[in-house]
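Student:
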């Protein structure tokens, strides 16, 4: 019986030693704690840390907040980009307006110089030759630009120049002119000839 008692004590000690070793391995997180340990009352409190379970609604809310912040950053970046583009557009509009004003001034200058040339040539007594020269210049220009410049001259000078130009070109230029100016010129062309 002593022998059986010794064997029983040795087996109990080996079991306690193995259980202690296993407990230490689990306690110090060397081994992962199996799921069934959570059902053992005393051991589960020692081995399983209280994991704070976050409800799925909170996780979804946090994710939504992060996405919202990302969208706000994107919106802010796009708004800054849009403001920059609007600034560029306004700069381009100013440049376009300035170039339109410059073109208008240049056309006025051309009309003034043409009138001056006509006056210089007519002062010498050769009005028909001056109209013929001017008709040649305007025939070389685009009809829209020529019509714009011609409409700034005196009506009698325009009629004189038109008389020296081919009819189809005169018709095209009259078509490109302001309706009121073209009507006035047509009436005068029916009545007089310079």
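In my numbering, the protein residues as written are 2 to 195.
From the three backbone atoms N, C-alpha and C, an ideal C-beta is built for every residue, glycine too.
From what residue to what residue does the alpha helix (DSSP H) around residue 185 run?
Tutor: Note, residue 185: alpha helix (DSSP H), 180–192.
Student: Are residue 130 and residue 162 touching if we call contact CB-CB under 8 Å?
Tutor: Not in contact: residue 130 and residue 162 (Cβ atoms no closer than 8 Å).
Student: Taking the C-alpha atoms as reference points, what is the distance between residue 164 and residue 104?
Tutor: Using only the alpha carbons, I get a separation of about 28 Å.
Student: Applying the criterion that 16 or more other CB atoms from any shown protein chain within 10 Å of the CB defines a buried residue, is residue 147 buried or exposed?
Tutor: Residue 147 comes out buried.
Student: Using C-beta distances below 6 Å, list every residue in its chain close to residue 108, excluding the 5 sequence neighbours before and after it, in chain order.
Tutor: Cβ neighbours of residue 108 beyond the five flanking positions: 149 and 150.
Student: Give the range of the alpha helix (DSSP H) segment to which residue 152 is assigned.
Tutor: From DSSP, residue 152 is part of no alpha helix (DSSP H); its letter is neither H nor E.
Student: Of the choices 46, 169, 159 and 177, whose alpha-carbon is the least far from that of residue 190?
Tutor: Checking every option, the nearest Cα to that of residue 190 belongs to 159.
Student: Cβ of residue 177 within 8 Å of Cβ of residue 145?
Tutor: The answer is yes: Cβ separation under 8 Å.
Student: How many Å lie between residue 203 and residue 20 at the Cα?
Tutor: A question about residue 203 goes unanswered here, because the residues of the chain that appear run from 2 up to 195.
Student: With a cut-off of 8 Å on the beta carbons, I'd call residue 156 and residue 185 a contact; round off their distance for me.
Tutor: Between residue 185 and residue 156 the Cβ distance is about 6 Å, and since that is below 8 Å, they are a contact.
Student: Starting from residue 173, trace the alpha helix (DSSP H) both ways and give me its first and last residue.
Tutor: Run containing residue 173: 168–177, per the alpha helix (DSSP H) assignment.
Student: Got a sec, what are the start and stop residues for the alpha helix (DSSP H) residue 22 sits in?
Tutor: Unbroken alpha helix (DSSP H) run through residue 22: 3–28.
Student: So, using beta-carbon positions, are residue 112 and residue 175 closer together than 8 Å?
Tutor: Going by C-beta atoms, residue 112 is not nearer than 8 Å to residue 175.
Student: Let's test the definition: count the other Cβ atoms within 10 Å of the Cβ of residue 24 and tell me whether it reaches 16, buried, or not, exposed.
Tutor: Its Cβ having fewer than 16 others within 10 Å, residue 24 is exposed.
Student: Give the straight-line distance between the Cα atoms of residue 96 and residue 169, rounded to the nearest whole angstrom.
Tutor: Residue 96 and residue 169: Cα-Cα distance of roughly 36 Å.
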